[in-house]
Each structure stands twice: as structure tokens, then as C-alpha cells.
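Q:
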Amino acid sequence: MSSATATPQTHAIGCGHCEDDAPAATGSGMRGWVTALAAALVVFAGALGFFAVYPVWVNGLFVAAALVGSVFPAQRAWQSLRRGSLDINALMVIAVIGAVAIGEFEEAAMVVSLFAAAQWLEAQSLDRARQAIGRLLGSAPVDVLIRDDAGERRVAIEAVTLGALMIVRPGEKLALDGIVQSGRSDVNQAPITGESLPVEKAEGDEVFAGTINGHGAIAVVVTRRRADTTLARIVHLVETAQAQRPPVQQFIDRFAAWYTPAVVILAALVATLPAIVAAQPFDQWLYRALVLLVVACPCALVISTPVSVVSALAGAASHGVLVKGGAHLERLAGVRVVAFDKTGTLTTGTFSLDSVIPLAATLPADLVRLAASVESQSEHPIAAAIVAQALAAGSPLATPEAVRALPGLGVEGVVAGSAIVCGTPRLFEERGWLTPAVAETAAGVAASGLSPVLVARDGVAIGVLGLRDRPKSNAARIVAELRQHEGTHIAMITGDHDTPARAMASELRVDSVKSQQLPQDKVAAIQSLRREFGPVAMVGDGVNDAPALATADVGIAMGVMGSAVALEAADIALMTDDLSKLRYAIRLSRATLANIRVNVALSIVMKVAFLALAIFGVATLWMAVLADTGASALVVANAVRLRRFR
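Okay, so the sequence shown: first residue is 53 according to this note's numbering, each after it adds one.
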């Protein structure tokens with residue numbers, strides 16, 4: 053997976069909506085004033101037309117309104133021509149010039165005023181959609197209350213160093229990521245996770261920039277600079293995602309590249325052929341051709357995809373779901389298989405050490421102590437459970453040396469001069485340590501629903517530990533809903549022993565299971581599922597499952613808040629471990645694709661209808677403008693509903 057660089061969204065048709073205004077706020081404000089002036093001139097000229105003795109004065113005001121309202125369209129038209137393309141602005145300028153040339157001064161002024169007003173209103177809607185992520189996440193404070201030897205003082209956020217002690221008072225927003233050193237409070241993490249329920253934070257807990265402190269004051273040791281905070285990474289990822297084009301949008305852009313020149317040629321033929329071939333009035337057919345130019349612009353069609361994608365990305369971020377591009381959203385809508393890792397994904401990932409079976413005359417306490425010493429350097433949930441049990445029993449842990457992780461198999465190291473290995477039955481079988489007695493003991497542990505961890509000292513098995521993991525409270529419900537409502541095949545791909553893996557799969561009613569899988573085995577499993585069922589989404593922790601996530605059509609990492617590695621590893625990142633977010637993401641992706649299809653269909657139907665009216669002389673110029681901008685407004689209104697999707 054590669055990360056894209058955020059670039060302004062532009063497209064072949066250049067409607068003026070997706071271009072990078074600099075500065076956007078100033079451009080929108082000036083456009084509003086120009087629109088107001090043009091409209092005022094039109095209204096004044098229309099009123100004056102009832103009383104003026106010399107109509108030329110009124111026509112002069114209409115021409116002035118047309119000139120004022122054409123300022124921005126003319127600028128954009130010139131820019132598009134310099135790029136070798138035609139856009140709605142060029143078509144509009146041609147239509148206004150043509151209307152003035154045939155003496156339709158009032159229509160020229162009305163057209164350009166309506167167009168300017170519609171462009172301004174539409175730009176406001178699109179800006180709100182693009183900037184929704186900024187409003188949802190908010191910005192961190194500009195300064196921080198720091199406590200040091202000199203006391204407490206406010207410091208600019210850019211000047212805060214790593215390791216500084218940040219004081220966060222009740223009700224304040226956290227400025228930087230850090231670890232709580234002292235104090236206790238409840239923190240609202242909704243800006244990052246989408247969950248409004250406050251989370252209790254105490255000494256040793258991690259807190260994040262952009263979250264809101266509750267009722268207690270806390271002292272926090274800063275662990276990340278402003279540019280590296282979880283909030284900053286989220287904003288960057290979403291902004292990058294908004295700049296990417298999904299395949300459906302790329303197709304529409306290619307279509308627009310040849311469609312607009314074809315429309316100009318058709319309009320030229322409509323204006324000239326009737327006069328040449330059938331001696332029809334040239335002014336009449338020129339007017340129809342001008343209407344055709346305005347009606348035929350595919351502006352609503354071109355914006356139908358980006359506005360839907362931007363709205364969906366912003367809505368997803370507000371629910372703690374980060375989608376790293378419209379292409380991933382589109383692919384997620386088409387998945388036919390959802391493959392889960394087991395530990396920490398379908399299960400809580402919080403193990404308990406339920407069984408200790410020593411072998412080779414080893415004492416139970418020594419077995420746990422040796423295993424915990426080497427596992428103390430591992431981040432796996434099983435390691436945490438073994439270490440916690442040893443510490444709870446008061447066993448002193450030795451400092452291991454030469455520790456080496458064995459992905460999917462276990463960990464090894466040297467403790468007090470002895471080579472200690474903790475791992476799976478598969479690892480012991482590969483090394484020739486799995487004697488019949490050891491295999492029988494491990495099988496008995498697995499048969500009771502526990503995950504067996506075998507321990508060896510200097511090449512001899514000295515015991516088996518049995519650890520229990522429990523399914524998440526909503527795992528069975530989400531699996532059932534994914535199968536019944538989303539029509540997906542549910543698979544479990546895990547490195548765990550076959551017996552506990554199948555027991556968990558049976559409890560959750562998973563369709564297929566592949567156990568004792570190494571990272572490379574998981575890749576092969578994903579490929580096999582794709583051949584049998586279709587596109588695959590892989591759900592894992594984003595670190596240990598990185599190869600499988602990269603192989604899947606869509607890689608989804610769960611519980612990645614605070615993990616830069618996990619955020620980068622996946623196409624879609626779920627900030628919390630809540631499985632309901634996964635179903636939300638799939639439903640949102642399908643709703644987005646349906647939204648785009650409705651927008652495209654709406655755009656095409658309205659264009660075809662008004663093209664027919666234009667050719668038969670029923671539609672007027674101002675009706676054409678209303679049709680074009682009305683279609684665009686409907687597309688935007690339909691798309692922004694995705695921000696409120698639940």
C-alpha cells in the first residue's frame with residue numbers, strides 16, 4: 053500500500069467547484085459581492101424598464117449586469133482554455149456573448165446573474181463538505197500550560213518539547229498526545245473515536261490531542277510533537293484521501309474530456325445547419341444553440357462522485373473510521389468475504405492464564421517465571437497475560453538477553469544463561485521437541501478451549517501453559533449481521549491452535565476457519581478465499597497482520613488509536629476495537645456507491661430532457677441555467693446526506 057500526496061481535485065470539465073481557490077475564503081467572499089452587484093443591476097434595470105422613456109438606458113444596465121456577473125466565469129474560462137480544455141465557464145461566456153450579439157440583453161443579464169448566484173451557493177455547499185473533517189475534529193489549543201522548575205506558564209504549542217509536563221484542567225481540550233503522570237479524570241475521546249462515552253484516565257494511561265478533559269485535573273508527560281499527534285495524522289490521512297479519485301470518478305473525468313468539445317461542435321451545427329440547409333432564421337437557431345451549450349454542460353455529472361466521496365469520508369471520520377481514499381471505499385462496497393484475525397479482533401485480546409502444567413520436574417512457579425522473563429519483551433496479548441500472572445504471584449523476572457520474536461510461532465531468548473523458548477506446538481514440532489507426551493499435554497489443553505503455549509529450556513520442553521481469550525460481547529451479533537444483511541462469507545484466519553480456534557468459530561458461527569497460520573500462510577489464505585468467493589476484506593490489528601492486510605482487496609485495521617504503524621498499514625482504520633464500526637464502514641461504502649449512482653442517473657436524465665427541450669426551442673437561456681445549477685444543487689444535497697449516515 054502506498055500513501056498518496058494530497059493534491060487539489062481538478063478534472064477535465066473544470067466546473068469551477070473543484071478547483072483550488074487561493075485563498076478560498078477570499079474568493080468566495082468576492083464572488084458573493086459580485087453576484088449581489090449583478091443581481092442588483094438586473095433588478096434595477098427591470099424596474100426601470102416600466103418607466104424609462106429611452107430603452108437604451110435599460111439595455112445599458114442589462115449589459116453592465118452581464119459584464120459584472122461574467123468577471124469570474126471569464127477568468128475561469130480563460131484558465132481552462134490555456135489548459136487546452138473547455139468548461140462550464142467557457143460555455144457560459146460564449147452563451148452570454150451570443151445573447152448580447154442577437155440583442156437579448158435582458159436574458160444575457162439574467163443568465164449570468166443566476167449562474168453567478170448558483171455558483172456561489174454551490175461553492176459554499178462544497179466547501180462545507182470538504183471542511184467537515186476540520187470542524188468534526190476541531191483544532192488543538194494554540195498554547196499549553198507547562199509545569200517546570202520555574203512554576204506553571206503558558207507556552208506556544210510549537211515550543212513544547214518531548215517530556216514536558218502538560219497540565220490539563222477540567223473542561224480543557226488536550227493540546228498534545230502524552231501519558232498521564234498524575235491525577236485522574238474522564239476524557240471525552242469522541243473527536244477521535246466517535247464514541248461520546250467518556251473514558252476513565254489515570255496514571256500511566258495514554259491521552260490524545262483533540263480530546264476533552266472531564267472533571268479532574270491531570271498532569272501529562274508529552275510524548276509527541278504537534279505534527280506527530282494522532283489528531284494530526286488523522287487530519288492528514290483524511291485530507292490525502294479527499295484528494296484521491298476512485299475508479300468511477302476517473303471514468304467520469306475521461307468521459308468529460310471528450311464530451312464537452314463534442315457539445316460545442318453539436319451547438320455549432322445546430323446554429324448553422326438549419327440556416328444553410330433549410331434557410332431557417334439564423335438568430336432563432338443561434339439562440340437554441342446557445343441554450344444547448346448551457347444545458348449540455350455535465351457539471352452535475354462531474355461533481356456527482358467527488359462530493360459524495362468527500363461527504364462519506366467526513367462522516368466516517370466522525371464515527372472513528374478513517375478511509376484512506378475513495379478507491380478503498382468503492383472496493384469495500386464490493387467485498388464478498390470478510391476475513392478476521394482472531395485475537396483482539398473477534399476476541400477481547402485480554403488473556404488469562406488458566407492452566408499451568410509443568411514437565412520434566414519443573415516447579416510451576418519456575419515455569420511461569422522463565423516464560424514471563426522472555427515474554428516480557430513481547431507486545432503480544434498472550435505475553436502480557438503470562439507476565440501479569442508472574443508479577444501477581446510475586447515472582448522476580450530476570451532480564452532476558454538476545455530476545456528474538458518468531459512471527460506466528462513464539463519468542464525466544466536467554467534467561468540466566470539458559471535458552472528459553474515459548475511457542476506453539478508447530479514451532480516445537482519443527483525443532484524436534486514435540487515428544488508424544490508433550491503433544492498429548494498440549495492437545496489436552498487445547499481440547500479444554502485454551503490456547504497452548506509450550507515452554508522449552510535448552511531444547512527440552514519443561515511445561516505447557518493454557519491461556520483463555522473471550523469473544524467480544526457483540527462479536528456473534530456482528531458476524532450474523534454481516535452474513536445476513538451484507539451477504540458476506542465470514543472467515544477466521546488465525547495463528548492459534550486448531551482446537552481453540554474452531555471452538556471460537558463455532559461459538560461465533562463463523563463460516564470457515566484456517567488455524568495455525570503464519571504471516572505467509574495468511575497471505576495464501578486470502579488468495580484462496582478470493583478465488584473461491586470474490587473480493588476479500590481482511591480485518592486485523594494492522595501490525596502483525598500487515599502482509600494479509602496488504603494482500604486483501606481492502607485491509608482494515610482495528611483499534612489503531614495512537615498507533616502510527618497501524619494507521620499506515622491499512623486502507624481503512626477503525627480507531628476503536630468496536631466491531632460495529634466495521635459493519636458501519638461496509639454499509640457506508642455501499643450507501644456511497646448507491647448515492648453516486650443516483651447522482652449520475654439524476655444528472656443524465658435532467659440533461660437529456662433539457663437537451664430535447666433546447667433543440668425544439670422550448671427552453672430559454674435562463675431556464676437552461678436553472679436546469680444546470682438545479683441539477684448540481686440536487687446532487688450536492690443528496691451527497692451531503694452521507695455525512696449524517698448512521
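Using N, Cα and C, we set each Cβ at its ideal position, and we do this for glycine too. None of the values given here were measured: they were computed from a predicted structure.
Considering just the uninterrupted stretch of the alpha helix (DSSP H) at His380, what are its terminal residues?
A: Position 328 of the sequence shown, counting from 1, holds the residue named residue 380. Start and end: Gly378 to Ala385.
Q: What residues match up with Ser503 in a beta bridge as DSSP calls it?
A: Position 451 of the sequence shown, counted from the start, is the residue given in the question as residue 503. BP columns for Ser503 point to Leu519.
Q: With a threshold of 16 other CB atoms inside 10 Å of the CB of Leu325, please say whether the residue is buried or exposed.
A: Translated into the one-based positions of the sequence shown, residue 325 becomes position 273. By the neighbour-count rule (16 or more Cβ atoms within 10 Å), Leu325 is not buried but exposed.
Q: What residue from Leu517, Glu431, Leu226 and Arg383 has the CA that sits closest to Asp418's CA?
A: Within the sequence shown, the letter at position 366 stands for residue 418. Among Leu517, Glu431, Leu226 and Arg383, the Cα nearest to that of Asp418 belongs to Leu517.
Q: Using three-state DSSP, classify Met218 as helix, strand or coil.
A: As a working mapping, residue 218 is identified with position 166 in the sequence shown. The answer is strand: DSSP assigns Met218 an E or B state.
Q: Using only CA atoms, which one of Glu382, Leu458, Asp563 and Trp485 lies nearest to Leu411?
A: Sequence index remark: in the sequence shown, residue 411 carries index 359 (1-based). Closest by alpha carbon: Trp485.
Q: The beta strand (DSSP E) that contains Leu374, what's its start and end?
A: Sequence index remark: in the sequence shown, residue 374 carries index 322 (1-based). Taken as a continuous stretch (DSSP letters only), the beta strand (DSSP E) holding Leu374 covers Val373 to Val375.
Q: Counting only the same chain and skipping the five closest in sequence on each side, list residues whose C-beta sits under 6 Å from that of Arg199.
A: On the sequence shown, position 147 is the one that residue 199 refers to. Within the same chain, Arg199 has close Cβ partners Leu217 and Ile219.
Q: Counting pairs of beta carbons, one from the segment 479-498 and one from the segment 583-595, are three or more of them closer than 8 Å?
A: With a cut-off of 8 Å, the segment 583-595 and the segment 479-498 do not count as touching, because too few Cβ pairs lie within range.
Q: Run the CB neighbour count on Leu189, radius 10 Å, all protein chains shown included, and call it buried at 16 or more, exposed below.
A: Here residue 189 refers to the residue found at position 137 when the sequence shown is read from its first residue. Only weak support exists for where Leu189 lies, its pLDDT of 48 falling under 50; the coordinates are left without a value.
Q: So what does DSSP say about Ser632, is it helix, strand or coil?
A: Against the sequence shown, residue 632 aligns to sequence position 580. Here Ser632 sits in helix by DSSP.
Q: Report the start-end ranges of each alpha helix (DSSP H) in the segment 203-281 that is 4 residues or longer and not cut off at the edges.
A: The qualifying runs are 242-245.
Q: By the three-class DSSP mapping on this structure, what secondary structure does Lys574 have?
A: Here residue 574 refers to the residue found at position 522 of the sequence shown. The answer is helix: DSSP assigns Lys574 an H, G or I state.
Q: Phe668: buried (16+ other C-beta within 10 angstroms of its C-beta) or exposed?
A: On the sequence shown, position 616 is the one that residue 668 refers to. Result: exposed.
Q: Determine the DSSP secondary structure at Tyr106, reduced to helix, strand or coil.
A: Residue mapping note: residue 106 aligns to position 54 of the sequence shown, counting from 1. Low confidence applies here, because Tyr106 scores a pLDDT of 44, under 50, leaving its location unreliable; read the following figure in that light. If DSSP states are grouped into helix, strand and coil, Tyr106 belongs with coil.
Q: Is DSSP giving Gly153 helix, strand or coil here?
A: Looking up residue 153 in the sequence shown gives position 101. The displayed chain sequence assigns Ala, not Gly, to residue 153. Helix at Ala153.
Q: Closest to Leu342 by C-alpha separation, out of Lys225, Val196, Ala151 and Asp195, would be which residue?
A: The residue you call residue 342 lines up with position 290 of the sequence shown. The residue with the shortest Cα to Cα distance from Leu342 is Ala151.
Q: With C-beta atoms as the reference, is Gly465 less than 8 Å away from Arg478?
A: By 1-based counting over the sequence shown, the position of residue 465 is 413. By 1-based counting over the sequence shown, the position of residue 478 is 426. Going by C-beta atoms, Gly465 is not nearer than 8 Å to Arg478.
Q: Report the partner residues of His541 according to the DSSP bridge assignment.
A: Numbered from 1 along the sequence shown, position 489 holds the residue referred to as residue 541. According to DSSP, His541 bridges with Val389.
Q: Please look up how many angstroms separate the CB atoms of Met544 and Ala557, rounded, as I've assumed it's under 8 Å.
A: Within the sequence shown, numbered from 1, the residue matching residue 544 stands at position 492. Within the sequence shown, numbered from 1, the residue matching residue 557 stands at position 505. 5 Å between Cβ atoms; contact.
Q: What first and last residue would you give for the beta strand (DSSP E) that runs through Met556?
A: In the sequence shown, the residue the question calls residue 556 occupies position 504. Per DSSP, Met556 belongs to no beta strand (DSSP E); it is in the alpha helix (DSSP H), Asp550 to Leu560.
Q: How close, in whole Å, do the beta carbons of Leu449 and Ser425 come, if the pair is a contact with beta carbons under 8 Å?
A: Taking the first residue of the sequence shown as 1, we reach residue 449 at position 397. Taking the first residue of the sequence shown as 1, we reach residue 425 at position 373. Going by Cβ atoms, the distance from Leu449 to Ser425 rounds to 5 Å, so yes, they are a contact pair.
Q: How big is the Cα-Cα spacing for Ala147 and Lys659?
A: For the purposes of this step, residue 147 is identified with residue 95 of the sequence shown, where counting begins at 1. For the purposes of this step, residue 659 is identified with residue 607 of the sequence shown, where counting begins at 1. Roughly 17 Å separates the two Cα atoms.
Q: Report back the beta-carbon spacing between Ala435 and Leu519 to the nearest angstrom; my notes put them in contact at under 8 Å.
A: The residue labelled residue 435 in the question sits at position 383 within the sequence shown. The residue labelled residue 519 in the question sits at position 467 within the sequence shown. No, Ala435 and Leu519 are not in contact; Cβ-Cβ is about 10 Å, not under 8 Å.
Q: Nearest CA to the CA of Ala269: which residue from Val287, Ala369, Thr281 and Lys253?
A: Sequence index remark: in the sequence shown, residue 269 carries index 217 (1-based). Checking every option, the nearest Cα to that of Ala269 belongs to Lys253.
Q: For Thr395, count neighbouring C-beta atoms within 10 Å of its own C-beta (all shown protein chains included) and say buried if the count is 16 or more, exposed if not.
A: Along the sequence shown, read from residue 1 onward, the residue named residue 395 stands at position 343. The residue is buried, with at least 16 neighbouring Cβ atoms inside 10 Å.
Q: Just how far apart, CA to CA, sit Arg635 and Leu534?
A: Residue mapping note: residue 635 aligns to position 583 of the sequence shown, counting from 1. Residue mapping note: residue 534 aligns to position 482 of the sequence shown, counting from 1. Answer to the nearest angstrom: the Cα atoms are 7 Å apart.
Q: Which one or two residues does DSSP pair with Arg698 in a beta bridge?
A: For this step, residue 698 is matched to residue 646 along the sequence shown. The partner list for Arg698 (beta bridge, DSSP) is empty, contrary to what the question assumes.
Q: Run through the DSSP bridge pairs and tell me what Val463 is partnered with.
A: The residue you call residue 463 lines up with position 411 of the sequence shown. Paired residues: Ala457 and Cys474.
Q: At the level of alpha carbons, what is the spacing between Glu382 and Leu197?
A: Position 330 of the sequence shown, counting from 1, holds the residue named residue 382. Position 145 of the sequence shown, counting from 1, holds the residue named residue 197. Their Cα atoms are separated by approximately 44 Å.
Q: Taking Ile648 as the reference, which of Thr357, Arg276 and Ser370 has the closest Cα?
A: Against the sequence shown, residue 648 aligns to sequence position 596. Out of Thr357, Arg276 and Ser370, Thr357 has the C-alpha closest to the C-alpha of Ile648.
Q: Ends of the beta strand (DSSP E) at Ala609?
A: Here residue 609 refers to the residue found at position 557 of the sequence shown. That run of the beta strand (DSSP E) goes Val606 to Met610.
Q: Do Ala468 and Ser551 count as a contact pair if the criterion is CB distance below 8 Å?
A: Numbered from 1 along the sequence shown, position 499 holds the residue referred to as residue 551. Numbered from 1 along the sequence shown, position 416 holds the residue referred to as residue 468. Going by the sequence as given, residue 551 is Thr instead of Ser. Against a cut-off of 8 Å, the Cβ pair of Ala468 and Thr551 comes out as no contact.
Q: Helix, strand or coil: how does DSSP classify Ser655 here?
A: For the purposes of this step, residue 655 is identified with residue 603 of the sequence shown, where counting begins at 1. Ser655: helix per DSSP, three-state reduction.
Q: Quickly, what does DSSP pair Asp195 with across the bridge? List them, please.
A: Residue 195 sits at position 143 when you count from the first residue of the sequence shown. Per DSSP, Ala208.
Q: Between the beta-carbon of Ala284 and the beta-carbon of Arg278, is there less than 8 Å?
A: Your numbering for residue 284 matches position 232 in the sequence shown. Your numbering for residue 278 matches position 226 in the sequence shown. Yes, they are a contact pair.
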